[in-house]
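Everything below concerns the one structure shown next.
Residue numbers (the working numbering): 80 to 456.
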């Protein structure tokens with residue numbers, strides 16, 4: 080079974096790129112890398128990045144009905160009629176983020192795993208344990224066990240500084256053939272609403288990403304980690320020029336919370352929302368042409384206590400413009416519970432209104448359950 084999720088939309092399949100048998104942060108110093116693109120800079124960055132990306136193999140035991148075999152099924156056996164136990168294998172990639180063997184990867188790469196084996200650059204295998212997972216953003220943190228040599232981690236770059244058309248490298252283990260490097264550009268930023276994860280702010284790239292690349296690195300030409308490769312859009316589960324990576328400015332704070340607390344806590348406002356478009360605003364005589372439309376307010380929620388009303392349009396949070404429901408969804412999740420935020424609202428008949436809300440913790444924000452919106456080919 081190949082653990083790739085598919086989303087049928089516009090004749091394309093969007094799927095996670097594993098194979099098988101919310102918050103912002105700044106950059107960190109990078110290892111020495113070329114400051115300008117030269118004939119040798121891409122090979123230099125590629126060779127360094129490959130050593131910082133690992134292969135991840137998992138095994139999980141699943142129960143299923145025993146297949147009927149008239150020659151080998153013994154009615155007198157103590158196991159007769161019991162479900163059979165089958166071992167499922169899967170493969171993916173991960174990124175070394177500390178010299179001591181901490182690995183950042185996708186949550187779906189290690190989902191349900193009873194055993195995790197990580198292979199580093201020199202071919203040495205290590206068992207790994209899960210420090211924590213965040214299925215809502217599809218991220219997981221692992222720790223190598225045993226006597227781990229000093230490893231070379233990739234350093235975190237500022238993914239918000241990426242520019243459209245900027246050259247990037249994707250590093251991973253496609254189809255389990257071994258670590259590989261592909262090159263492409265940043266095709267788009269801030270991709271959301273794809274239905275792949277609950278929290279989406281993807282970097283889109285045309286660097287070739289295939290099954291097995293899940294959890295691998297997207298690297299800029301400074302040699303910095305700027306994304307964790309996670310999904311592809313394809314009619315056949317293979318490369319079609321559209322890949323998605325979780326930006327490091329989203330992944331890094333989640334990783335740090337998982338390491339510190341074992342879970343991720345997100346802000347909660349308590350509203351149902353939709354996106355306002357100019358056409359929708361004209362037809363319904365709304366108070367603004369862009370923003371997140373409040374379509375429902377939960378009783379006794381932070382939104383209710385702040386005075387948000389059905390029909391309000393949120394146009395900004397703490398001075399940052401909100402143009403879509405996805406933007407509001409992501410921004411609220413970036414705040415820690417207990418944070419007080421300023422909400423700029425366009426209200427029919429009242430013009431612009433500024434409200435304050437103290438965010439609660441998102442209910443059910445647990446790392447023990449995996450997303451349920453996954454289908455497999």
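Glycine residues also receive a C-beta, built at the ideal position from the N, C-alpha and C atoms.
Give the DSSP-derived three-state secondary structure of residue i in the structure shown.
i: residue 254; result: helix
i: residue 401; result: coil
i: residue 391; result: coil
i: residue 369; result: coil
i: residue 407; result: helix
i: residue 328; result: helix
i: residue 24; result: Outside the shown range of the chain (80 to 456) lies residue 24, about which nothing can therefore be said.
i: residue 435; result: strand
i: residue 333; result: helix
i: residue 376; result: strand
Rounded to whole angstroms, what is the Cα-Cα separation between residue i and residue j?
i: residue 234; j: residue 371; result: 35 Å
i: residue 139; j: residue 320; result: 32 Å
i: residue 201; j: residue 131; result: 11 Å
i: residue 154; j: residue 443; result: Per-residue confidence for residue 154 stands at a pLDDT of 44, beneath the threshold of 50, marking its modelled position as unreliable; the derived number appears in the next sentence. Approximately 46 Å between the Cα atoms of the pair.
i: residue 149; j: residue 167; result: Low per-residue confidence applies at residue 149: pLDDT is 39, beneath 50, and the placement is therefore not dependable, though the value from the model is reported in the following sentence. Roughly 25 Å separates the two Cα atoms.
i: residue 304; j: residue 187; result: 20 Å
i: residue 206; j: residue 230; result: 15 Å
i: residue 409; j: residue 125; result: 32 Å
i: residue 438; j: residue 308; result: 31 Å
Leaving out five residues on either side along the sequence, give the residues of the same chain with a beta carbon under 6 Å from the beta carbon of residue i.
i: residue 215; result: 277 and 278
i: residue 211; result: 220, 337, 341 and 446
i: residue 343; result: 213, 333 and 336
i: residue 53; result: The question about residue 53 has no answer here: the residues shown for the chain are numbered 80 through 456.
i: residue 173; result: 133, 135, 182, 184 and 294
Please report the residue range of the alpha helix (DSSP H) in which residue i lies.
i: residue 120; result: 120-130
i: residue 359; result: 357-363
i: residue 382; result: 381-385
Between which residues of its own chain and residue i is the CB-CB distance below 8 Å, once the five residues before and five after are set aside?
i: residue 426; result: 366, 388, 390, 391, 392 and 432
i: residue 386; result: 434
i: residue 269; result: 280 and 281
i: residue 259; result: 250, 251, 252 and 253
i: residue 436; result: 348, 381, 382, 384, 385, 387, 419, 420 and 422
i: residue 396; result: 407, 410, 411, 420, 421, 422 and 423
What are the start and end residues of the beta strand (DSSP E) that includes residue i?
i: residue 421; result: 419-426
i: residue 217; result: Taken as a continuous stretch (DSSP letters only), residue 217 belongs to no beta strand (DSSP E), as it is neither H nor E.
i: residue 204; result: 204-213
i: residue 313; result: 304-313
i: residue 181; result: 181-184
i: residue 286; result: Segment: none, residue 286 is in no beta strand (DSSP E) and carries neither H nor E.
With a CB to CB cut of under 7 Å and the five nearest residues on each side skipped, what residues in its chain are close to residue i?
i: residue 239; result: 328
i: residue 88; result: Any reading at residue 88 needs caution, since the residue's pLDDT is 35, under 50, leaving its predicted position unreliable; the model's value is listed next. So no residue of the chain qualifies.
In chain order, what are the residue ranges of uninterrupted beta strand (DSSP E) at least 3 long that sit wholly in the stretch 224-282? 246-251 and 259-270
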